[in-house]
Amino acid sequence: MKTSTPFPGSLRPQLRPQLSPLLLALIAAWSPLSQAEDGAALPEVVVKESQSISEKNKLPTTTESVTAAKVADTINAMNVEDTLKYMPSVLVRKRFIGDTQAPMSTRTTGINASARSLIYADGMLLSALINNNNGNGSPRWFMVAPEEIERIDVLYGPFAAEYPGNSYGAVTAITTRMPEHFEASVKANTAFQDFSQYGTNNTYRSQEFAATLGNRSGDWSWWFSANHLDSYSQPVTYITAATAPAGSSGAYLTQDRTGKNIYVLGAGNLTHTVQDNAKIKLAYDFSPTLTATYTLGYWQNRADAHAQSYLSNAAGAPVYTSAFSSNDTEQEQWMQSLALRSKTQGVWDWEAIASSFYVAKDQTRTSTGAYPAAQYGGAGTIADASGTGWNTVDLKGIWRPQGANGAHIVSFGGHYDQYKLVSPTYLTSNWISGGNGAVSTDSRGKTETSALWAQDVWRLSQNWKATLGGRYEWWRAFGGYNYAVASGGINQPEVRNSGFSPKLSVAWAPDDQWQVTGSFGKALRFPTVGELYQNILGSDGIYRQPNPNLKPERVLSSELAIERALDKGKLRLSLFQEEVSDALISQTATLGSVVSSFTQNVDKTRQRGVEFVVQKDDVLIRGLEINGSVTYVDARILANSSFVSGTTTSVGKRTPYVPEWRATLVGTYRPDDHWAYTLAGRYSGRLYATVDNSDVNTHTYQGFDGFMVFDARVRYKIDKHWSTAVGIDNLTNKNYFLFHPFPERTLFAELKYDF
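See below:
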């Protein structure tokens, strides 16, 4: 842990604090919010061994980080999202190796709310803000390879004016590296999962090959990476029914998540995925203080999924129902970004980043005919998301009127983004090779947001610092179109909204060991294209048009963070509260004449809790490192006028997808420079998926278990070139569901050579 005087670069005693240049502009907008609920907790900048994103950009946000070196020693990581596995209050819902639908949850947001957090790689947005779900709205993690990571920072809460309201869960900032000299590496990973549940008993393997190459020559530097993944999954879904087919045997009697008896007839979506990722980064130093960086990334996926029946007839032949199906997916996606950054550390610095993410191909072909013949062709559908994508532009300036150690550091900027959703589904006569037939459903639309923001880090004295900021956003949704066979097509109306989000943080550091930070921020989270325009499947099996007039989520967040520096470590205690008005949550209500489940504005939710984090090196013996966290959250629905039920209520119930308790504990022992031994545990309490908390049965398909799993890893650095590692995830073979059945005990092995 780095130690220094309170607030490095703070005011000299004789320097008198000045009025913040932003203060007068913020007073009028701030005053209506001054009546926030008493006791609303207020985060802090965590001091790390190396500088985090929050430190470099002077962001008033609680931050936790992991470096590439720590990932290599402690985490069985085949994909980049694995590196967040032990972050406090973070869960990435990854169902299998190569899963493309892996949203991130935080201490106040759930695994179905991908648009309530943001993921960036070097300023390039990987969050797919085309939806807010655990499907097509999931982050594009696969555009970053673990080998290119330098560090990852997770910033908790919407307290930095630089980020939009989607940050109210967290911001994950991935920093990748550029070489200082010639370097190259090759790596091979493999994994084996033994899975046994109901009538499925098999071993599922995954293997990955990765290579990197880079160099620096004068003012030029470049980096190339490529990854190839070949992976097989355990069942992702199960086929269930109220009764087993007559004349068959092999069905498993169990209960659904509401406690009703059901039969499990077979396993679905046993997925084989083959993915390739390639990226090139080029950087040029125009001068020692001005650098341009261009990044181009490509990813492709070929996946096929089939079903397995547990049923057989008297003759022993497999029996199938109409619920059994197969699907094939083909995806190709491109991303690129261009960044210009100055780094004078003088009076002025600036940066400009433009990025584009484009879905060149995204087709999923699904059978609709009867098994077993449907496995080889016949009628089906083609869902085509090709043409979906987003573009962003960010401009930022930093003004240090009195230098880096002066009383004020003012940052400001502008932002623009546009998101486009294209998702028609066609009928086809041959789901394997047939062309597009008649349109079955269609959902299209665009959103765009423009924003201006500013922030002033105001050093009041040697021990006190205030950060004042604000963000004003203009948002609109347009081009909305929906089509369903039963209801025809409709052009949705254009919708506009705007608003101001003030931020305030005050930090007190009485000495080098203690820091207390109180923060408050308002955030606006505007609806995504999918929430506005994605067709809704009614309870009668017919698709209908959604509600295009959803209101934005209005969030008031606060945190009080107390941090104590230890010898080679730290402790942090955070008290936090978040109130969300017009929360966008899927729930049951009347749509036309049919009761259905779809995204609506829930009047008010409140999440409040406490988080404790500890990190310490050389615990009891030299070389033993401990990292751990415990989080408690009381998440409640306070008002919900749109919920429809004749038997239950949602008011006072737990907010969906937010568990009450979470915890992590990681111990790593490094006896010398060659060996690293890690044992880690992850715990999450059970959660509810419904607003009335009616899903009382957790251990079943579509239920949500609490779980405690243990992981282990041993890494050995053979010499300066060779390293190897073996590990086990889910060491005790915990069997649990998070809607889907999750992986059981999985063995990992890795071999790497660095040139």
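Per our numbering, the very first residue in the sequence shown carries number 348; after that it's consecutive.
Glycine is no exception: its CB is placed at the ideal position from the N, C-alpha and C atoms.
Just so you know, these numbers come straight off a predicted model, no measurement behind them.
Kindly list the residues whose CB is nearer than 7 Å to the CB of L373, restricted to its own chain and excluding five residues on each side of it in sequence; keep chain order. Locating residue 373 in the sequence shown gives position 26, where the first residue counts as 1. At L373, the pLDDT of 35 sits below 50, so the modelled position is not reliable; the number obtained from the coordinates is stated separately. For L373, where only same-chain residues beyond five positions count, the Cβ hits under 7 Å are L815, G817, P849.
Name the residue from M425, E878, Y1048 whose alpha carbon lies nearest to the alpha carbon of A462. Taking the first residue of the sequence shown as position 1, residue 462 is located at position 115. The shortest Cα separation from A462 among M425, E878, Y1048 belongs to E878.
Ordered list of alpha helix (DSSP H) runs contained in the stretch 814-860, each at least 4 residues: none
Are the Cβ atoms of Q862 and G916 separated by less than 7 Å? Here residue 862 refers to the residue found at position 515 of the sequence shown. Here residue 916 refers to the residue found at position 569 of the sequence shown. For Q862 and G916, no; Cβs fall outside 7 Å.
Using three-state DSSP, classify F671 as helix, strand or coil. Locating residue 671 in the sequence shown gives position 324, counting from the first residue. Coil, per DSSP.
Here's the rule I'm using: 16 or more other beta-carbon atoms within 10 Å means buried, otherwise exposed. How should T1015 be labelled? As a first step, residue 1015 is located in the sequence shown; it is residue number 668 there, counting from the start. Flag for T1015 reads buried.
Would R454 be called buried (16 or more neighbouring beta carbons within 10 Å of its own) or exposed? As a first step, residue 454 is located in the sequence shown; it is residue number 107 there, counting from the start. Looking at its Cβ environment, which holds 16 or more other Cβ atoms inside 10 Å, R454 is buried.
Under the rule that 16 or more other beta-carbon atoms within 10 Å means buried, what is S780, buried or exposed? In the sequence shown, the residue the question calls residue 780 occupies position 433. Flag for S780 reads exposed.
When DSSP builds the beta bridges, which residues end up paired with R911? Translated into the one-based positions of the sequence shown, residue 911 becomes position 564. The bridge partners DSSP lists for R911 are W861, L918.
Check for me: the alpha helix (DSSP H) holding D420 runs from which residue to which? As a first step, residue 420 is located in the sequence shown; it is residue number 73 there, counting from the start. Its alpha helix (DSSP H) spans residues 415-421.
Top-ranked residue by Cα proximity to W488, from N480, E497, A475, D500: Looking up residue 488 in the sequence shown gives position 141. Closest by alpha carbon: A475.
Sub-7 Å separation of A686 and I700 beta-carbons: The residue you call residue 686 lines up with position 339 of the sequence shown. The residue you call residue 700 lines up with position 353 of the sequence shown. Yes.
Straight-line CA distance for I444 to A798? Here residue 444 refers to the residue found at position 97 of the sequence shown. Here residue 798 refers to the residue found at position 451 of the sequence shown. Approximately 37 Å between the Cα atoms of the pair.
If you reduce the DSSP assignment to three classes, tell me which class S514 lands in. Stepping through the sequence shown from its first residue, residue 514 is reached at position 167. S514 falls in the helix class under three-state DSSP.
Roughly how many angstroms separate the alpha carbons of Y545 and W1008, rounded to a whole number? As a position in the sequence shown, residue 545 is number 198, starting the count at 1. As a position in the sequence shown, residue 1008 is number 661, starting the count at 1. Y545 and W1008: Cα-Cα distance of roughly 29 Å.
Please check the pair I932 and Q892, which I expect to be a contact at CB under 8 Å, by giving their CB distance rounded to whole angstroms. To locate residue 932, count along the sequence shown from 1; it is residue 585. To locate residue 892, count along the sequence shown from 1; it is residue 545. Not quite, the Cβ-Cβ distance comes to about 19 Å (not below 8 Å), so this is no contact.
With a threshold of 6 Å on Cβ separation, who are the neighbours of E495 within its own chain once the five nearest residues in sequence on each side are excluded? Counting from 1 along the sequence shown, the entry for residue 495 is found at position 148. Cβ within range, chain order: T523, S572.
Check for me: the beta strand (DSSP E) holding S543 runs from which residue to which? Along the sequence shown, read from residue 1 onward, the residue named residue 543 stands at position 196. Counting along the chain, the unbroken beta strand (DSSP E) around S543 starts and ends at 530-544.
Selected residue, minimal CA-CA separation from T636, among Y645, Q692, N483, Y1100: By one-based count along the sequence shown, residue 636 stands at place 289. When only C-alpha atoms are compared, the closest one is Q692.
Look at the alpha carbon of V611 and the alpha carbon of A415, and state the distance between them as a whole number of angstroms. As a first step, residue 611 is located in the sequence shown; it is residue number 264 there, counting from the start. As a first step, residue 415 is located in the sequence shown; it is residue number 68 there, counting from the start. Cα to Cα, the separation comes out at about 43 Å.
What whole-angstrom Cβ distance do V1005 and A982 have, given they're in contact under 8 Å? Position 658 of the sequence shown holds residue 1005. Position 635 of the sequence shown holds residue 982. Taking a contact as a CB-CB distance under 8 Å, the pair V1005 and A982 counts as one, their CB atoms being some 4 Å apart.
Among S944, R823, Y645, which has the Cα closest to the Cα of I883? The count along the sequence shown starts at 1 and reaches residue 883 at position 536. Checked all of S944, R823, Y645; the closest Cα to I883 is S944.
Between the stretch 765-782 and the stretch 710-730, can you find at least three pairs of beta-carbon atoms closer than 8 Å? Counting C-beta pairs with one atom in each stretch, the stretch 710-730 and the stretch 765-782 have three or more that are closer than 8 Å, which means they touch.
Can you list the beta strand (DSSP E) stretches of 3 or more residues lying completely in the stretch 558-608, in chain order? The qualifying runs are 567-579, 584-588, 599-602.
If you draw a straight line from the alpha carbon of S852 to that of S452, how long is it in whole angstroms? Position 505 of the sequence shown, counted from the start, is the residue given in the question as residue 852. Position 105 of the sequence shown, counted from the start, is the residue given in the question as residue 452. Each residue's Cα considered, the two are about 24 Å apart.
For I745, which of R688, T605, D709 has the nearest alpha-carbon? Numbered from its first residue, the sequence shown carries residue 745 at position 398. Here the closest residue by C-alpha is R688.
Can you tell me which of the three DSSP states P719 falls into? As a working mapping, residue 719 is identified with position 372 in the sequence shown. Coil at P719, not helix or strand.
Which term fits W567, buried or exposed, when burial requires 16 or more other beta carbons within 10 angstroms of its beta carbon? Here residue 567 refers to the residue found at position 220 of the sequence shown. Result: exposed.
For E1097: DSSP bridge partner residues: As a working note, residue 1097 is residue 750 in the sequence shown. DSSP, once it has assigned bridges, lists N536, A1072 as partnering E1097.
Secondary structure at W325, three-state DSSP: helix, strand or coil? This structure cannot settle anything about residue 325, because the visible part of the chain is limited to 348 through 1102.
Residues in the same chain with beta-carbon distance under 8 Å from P379, minus the five sequence neighbours each way, listed in chain order, please. Along the sequence shown, one-based indexing puts residue 379 at 32. Note on P379: pLDDT 35, under 50, position unreliable in the model; the coordinate value appears next. Cβ within range, chain order: n/a, list empty.
W377 in three-state terms, based on DSSP: In the sequence shown, counting from the first residue as 1, residue 377 sits at position 30. Low per-residue confidence applies at W377: pLDDT is 36, beneath 50, and the placement is therefore not dependable enough to give any value.
Relative to the C-alpha of E679, which residue among T640, T668, G734, A664 is closest? For this step, residue 679 is matched to residue 332 along the sequence shown. Comparing Cα-Cα distances from E679 to each of T640, T668, G734, A664, the minimum goes to G734.
Quick check on V392: does DSSP put it in helix, strand or coil? The count along the sequence shown starts at 1 and reaches residue 392 at position 45. Bear in mind that the predicted position of V392 carries a pLDDT of just 37, short of 50, making it too unreliable to give a figure here.
Thinking just about the alpha-carbon of each residue, which of R843, T1037, D859, L871 is nearest to the one in A936? Stepping through the sequence shown from its first residue, residue 936 is reached at position 589. When each option's Cα is compared against that of A936, the closest is T1037.
Find out if the Cβ-Cβ distance for the pair Q924, R955 is shorter than 7 Å. On the sequence shown, residue 924 is found 577 positions in, with the first residue counted as 1. On the sequence shown, residue 955 is found 608 positions in, with the first residue counted as 1. Against a cut-off of 7 Å, the Cβ pair of R955 and Q924 comes out as a contact.
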